[in-house]
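Asker: Numbering (the working numbering), first residue to last: 1003 to 1229. Don't be surprised by glycine CBs; every beta carbon is placed ideally from N, CA and C. Before anything else, here's the structure in question.
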Amino acid sequence: MIALLLGLAQAQDYAFPTSAADYGSWYLSTHFDHGGVDYACGSDRYSGHDGTDFGAGSWSGMAAGRDITAAANGVVQYVHDGERDDCANDCTSAANVVQIQHADGHLSVYGHLKRFSITVDVGDPVTCGQKIGEMGSSGNSSAPHLHFGVYTGTTGLDPYHGSCHSPASMWVSQGGYQGVPSRTCDASAPPPSSGGGGCGAVMLSGHLAFVAFPPLFLFGRRKRRQA
Ligand SMILES: [Zn+2]
């Protein structure tokens, strides 16, 4: 009811954000940090990490090209491109990134992308599975990987459900521990519609791009915990 009063549509679940051709190349790297444990009470996290990292063959995978796609229908809310993408813990510049606004109010964020690989612009409606860029190593990154984040406002949410994170999974099918979620799209998700980019989007993109992102990829300097 609250969502309806606010004009927000139903929640959608996420597909693993890559193409069918590249899906088999991906592996889980590091989970979201819940105060010292990951969602399943394991130790596959690092302090302050408020997203999930996935790798796909490191430098050779990046050279071959690893597609990043929209995890659900939405509207592109922020794009930043043009930064170095060969960072190996030696960059202080921002990451190349795409942020997508979804109908339920959540943002999905795709970080560390390859320079000039981004194929979408702010305001573009995107459908689940549509290519938006390629894996890279931009920003404060040690090697090529995807940082996938979900936000409500400026608060990071872990899309996984487990014994140390009780909310329902936001993946269509999250798969086993340390596996890779299914790339099946949420068939019940509302179609994308243009018209995103209101004042809230401007405020949020500025925060994530110029405040949150550099510290986010300085790994561990930001404290952001999910209750
Ligand atoms: Zn990360």
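Between Pro1127 and the rest of its own chain, which residues show a CB-CB distance below 7 Å, the 5 nearest in sequence each way excluded?
Answerer: Locating residue 1127 in the sequence shown gives position 125, where the first residue counts as 1. Contacts found: Val1077, Pro1194, Ser1195 and Ser1196.
Asker: Verify whether the separation of the beta carbon atoms of Lys1116 and Asp1087 is less than 8 Å.
Answerer: As a position in the sequence shown, residue 1116 is number 114, starting the count at 1. As a position in the sequence shown, residue 1087 is number 85, starting the count at 1. A contact, by the Cβ cut-off of 8 Å.
Asker: For Trp1173, does the count of other Cβ atoms within 10 angstroms reach 16, so buried, or fall short, so exposed?
Answerer: What you label residue 1173 is simply residue 171 of the sequence shown in a count that begins at 1. Buried, since its Cβ has 16 or more Cβ neighbours within 10 Å.
Asker: Quick check on Ser1140: does DSSP put it in helix, strand or coil?
Answerer: For the purposes of this step, residue 1140 is taken as residue 138 along the sequence shown, with counting starting at 1. DSSP places Ser1140 in coil when its eight states are reduced to three.
Asker: Provide the residue span of the alpha helix (DSSP H) that contains Gly1050, from first to last.
Answerer: Working through the sequence shown from its first residue, we reach residue 1050 at position 48. Run containing Gly1050: none; DSSP gives neither H nor E here.
Asker: Any heavy atom of ligand 1 closer than 7 Å to the beta-carbon of Asp1055?
Answerer: Looking up residue 1055 in the sequence shown gives position 53. Indeed, a heavy atom of ligand 1 lies less than 7 Å from the Cβ.
Asker: Between the beta-carbon of Ala1042 and the beta-carbon of Cys1130, is there less than 8 Å?
Answerer: Within the sequence shown, residue 1042 is the residue found at index 40, counting from 1. Within the sequence shown, residue 1130 is the residue found at index 128, counting from 1. Contact: no.
Asker: So the candidates are His1104, Pro1161, Ser1165 and Ser1095; which of them puts its Cα closest to the Cα of Ser1175?
Answerer: Taking the first residue of the sequence shown as position 1, residue 1175 is located at position 173. Of the listed residues, the one whose Cα sits closest to Ser1175 is Pro1161.
Asker: Is any heavy atom of ligand 1 found at a distance shorter than 7 Å from the C-beta of His1149?
Answerer: Looking up residue 1149 in the sequence shown gives position 147. Checking every heavy atom of ligand 1 against the Cβ of His1149, one is found closer than 7 Å.
Asker: Grab me the residues of His1108's own chain with a C-beta within less than 6 Å of its C-beta, minus the 5 sequence neighbours each way, in chain order.
Answerer: Numbered from 1 along the sequence shown, position 106 holds the residue referred to as residue 1108. Excluding positions up to five away in sequence, the list reads Val1152 and Thr1154.
Asker: Helix, strand or coil, according to DSSP, for Gly1107 in the structure here?
Answerer: For the purposes of this step, residue 1107 is taken as the residue at position 105 of the sequence shown. Note: Gly1107 maps to coil in three-state DSSP.
Asker: Taking the Cβ atom as the reference point for each residue, do Gly1057 and His1149 lie within a distance shorter than 8 Å?
Answerer: Numbered from 1 along the sequence shown, position 55 holds the residue referred to as residue 1057. Numbered from 1 along the sequence shown, position 147 holds the residue referred to as residue 1149. Cβ atoms of Gly1057 and His1149: not closer than 8 Å.
Asker: By Cβ distance below 7 Å, which residues in the same chain neighbour Gly1202 in space, the five residues on each side in sequence not counted?
Answerer: Mapped onto the sequence shown, residue 1202 falls at position 200. Reliability fails at Gly1202, whose pLDDT of 34 lies under 50, so the model's placement of it is uncertain and no value is given.
Asker: Comparing the CB of His1163 with every heavy atom of ligand 1, is any distance shorter than 7 Å?
Answerer: Walking along the sequence shown from the start, residue 1163 turns up at place 161. Flag unset: Cβ of His1163 not near ligand 1.
Asker: If you draw a straight line from the alpha carbon of Val1099 to that of Val1111, how long is it in whole angstroms?
Answerer: As a working note, residue 1099 is residue 97 in the sequence shown. As a working note, residue 1111 is residue 109 in the sequence shown. The straight-line gap from Cα to Cα measures roughly 7 Å.
Asker: Do you know whose CA, among Ser1143, Gly1135, Ala1170 and His1167, lies nearest Pro1019's CA?
Answerer: Stepping through the sequence shown from its first residue, residue 1019 is reached at position 17. Comparing Cα-Cα distances from Pro1019 to each of Ser1143, Gly1135, Ala1170 and His1167, the minimum goes to Gly1135.
Asker: Should Asp1024 go down as buried or exposed, given a rule of 16 or more other Cβ atoms within 10 Å for buried?
Answerer: Locating residue 1024 in the sequence shown gives position 22, where the first residue counts as 1. By the neighbour-count rule (16 or more Cβ atoms within 10 Å), Asp1024 is buried.
Asker: Could you spell out where the beta strand (DSSP E) holding Gly1158 opens and where it closes?
Answerer: Position 156 of the sequence shown, counting from 1, holds the residue named residue 1158. Residues Thr1157 to Leu1159.
Asker: I need the DSSP call for Tyr1179, collapsed to helix, strand or coil.
Answerer: Locating residue 1179 in the sequence shown gives position 177, where the first residue counts as 1. Of the three classes helix, strand and coil, the one that applies to Tyr1179 here is coil, per DSSP.
Asker: Would Tyr1016 be called buried (16 or more neighbouring beta carbons within 10 Å of its own) or exposed?
Answerer: Locating residue 1016 in the sequence shown gives position 14, where the first residue counts as 1. Looking at its Cβ environment, which holds 16 or more other Cβ atoms inside 10 Å, Tyr1016 is buried.
Asker: Would DSSP call Trp1061 helix, strand or coil?
Answerer: Translated into the one-based positions of the sequence shown, residue 1061 becomes position 59. Residue state, collapsed to three classes: helix.
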